[in-house]
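Numbering (UniProt numbering), first residue to last: 1 to 123.
Built from N, CA and C at the ideal position, the CB exists for glycine as well.
Keep in mind that this is a model prediction, so the values were computed, not measured.
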Amino acid sequence: MKNFIAQGDFINVPTDELVLGGSIIGGSGYLLGGGLFGVATTTVEVFEMDAGEECVLALTGVFDLPKAPSQAWYVGAKVYWDGANSRTTTTVTDNTLIGIAVLATGATAAETIGRVRLNGVAV
């Protein structure tokens with residue numbers, strides 16, 4: 001196939017697509033264009049960013065990400081990105097579907113990390 005480029009599990013995106021005036025933090029989630037979610041593979045400090053510089057985002061895989069506290073998750077629960085709070089949630093309203101929970105979590109306020117399998121799909 002002459003037109004095949006890559007598997008698509010990772011993509012390069014311009015750093016200015018990810019942040020406005022801040023650093024890109026490796027392991028943190030970013031939502032592009034309101035529909036494509038990925039996790040930054042490296043940290044890029046704001047003072048290191050040049051015009052046209054790119055960052056690699058992982059679009060698929062299993063990641064431990066910040067989650068809304070006091071939410072119980074079950075394996076297979078749909079997980080959404082809450083861009084206003086930069087964390088995952090099972091709340092649908094005003095959030096973007098990014099994958100499913102692959103580890104159950106309790107509903108205590110101290111449980112603020114959720115294990116998510118990213119779906120790699122733009123919605």
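Open item on the list: Out of D50, V121, T89, which one is the CA nearest neighbour of I14?
Closed with: By one-based count along the sequence shown, residue 14 stands at place 14. Per the sequence shown, residue 14 should be read as Pro rather than Ile. Per the C-alpha coordinates, the member of D50, V121, T89 positioned closest to P14 is D50.
Task: Short Cβ contact (9 Å threshold) for L118 with V75 - done: Here the question's residue 118 lines up with position 118 in the sequence shown. Here the question's residue 75 lines up with position 75 in the sequence shown. No, these two residues do not count as a Cβ contact at 9 Å.
TODO: Starting from the Cα of I113, find the closest Cα among W73, N95, A58, G38 and give me that residue.
DONE: Reading the sequence shown from its first residue, position 113 is the one you call residue 113. For I113, the nearest C-alpha among the options comes from W73.
Open item on the list: I believe F6 touches I24 by the beta-carbon criterion, under 8 Å. Please report the beta-carbon distance rounded to the nearest angstrom.
Closed with: Counting from 1 along the sequence shown, the entry for residue 6 is found at position 6. Counting from 1 along the sequence shown, the entry for residue 24 is found at position 24. The residue asked about is misnamed: residue 6 is Ala in this sequence, not Phe. Rounded to whole angstroms, the Cβ separation of A6 and I24 is 21 Å, and the two are not in contact under 8 Å.
Task: Supposed close pair G83, L32 - CB separation, criterion 8 Å - done: In the sequence shown, counting from the first residue as 1, residue 83 sits at position 83. In the sequence shown, counting from the first residue as 1, residue 32 sits at position 32. Actually they do not touch by this definition, with Cβ atoms about 11 Å apart.
Task: Buried versus exposed call for G38 [16 or more other C-beta atoms within 10 Å across all chains shown] - done: Counted from its first residue, the sequence shown places residue 38 at position 38. G38 should be labelled buried.
Open item on the list: Let's see if you can read the secondary structure: which residues bound the beta strand (DSSP E) around I113?
Closed with: One-based indexing of the sequence shown puts residue 113 at position 113. Taken as a continuous stretch (DSSP letters only), the beta strand (DSSP E) holding I113 covers 113-119.
TODO: Please look up how many angstroms separate the CB atoms of A68 and T89, rounded, as I've assumed it's under 8 Å.
DONE: Looking up residue 68 in the sequence shown gives position 68. Looking up residue 89 in the sequence shown gives position 89. Correct: roughly 4 Å between the Cβ atoms.
- [ ] Between the Cα of I100 and those of T60, G27, E53, G35, spot the shortest distance and give me the residue it belongs to.
- [x] Position 100 of the sequence shown holds residue 100. Cα-wise, what sits closest to I100 is T60.
Open item on the list: Quick test of your reading: A58 and F10, contact by CB under 8 Å. State the CB separation rounded to the nearest angstrom.
Closed with: Within the sequence shown, residue 58 is the residue found at index 58, counting from 1. Within the sequence shown, residue 10 is the residue found at index 10, counting from 1. A58 to F10, Cβ: 6 Å. Contact.
TODO: Using only alpha-carbon positions, find the residue among P66, D16, G106 that is nearest to S28.
DONE: To locate residue 28, count along the sequence shown from 1; it is residue 28. Nearest C-alpha to S28: P66.
Task: Closest Cα partner of G26 within the set D64, V121, T42 - done: Mapped onto the sequence shown, residue 26 falls at position 26. Measuring from the Cα of G26, the nearest candidate turns out to be T42.
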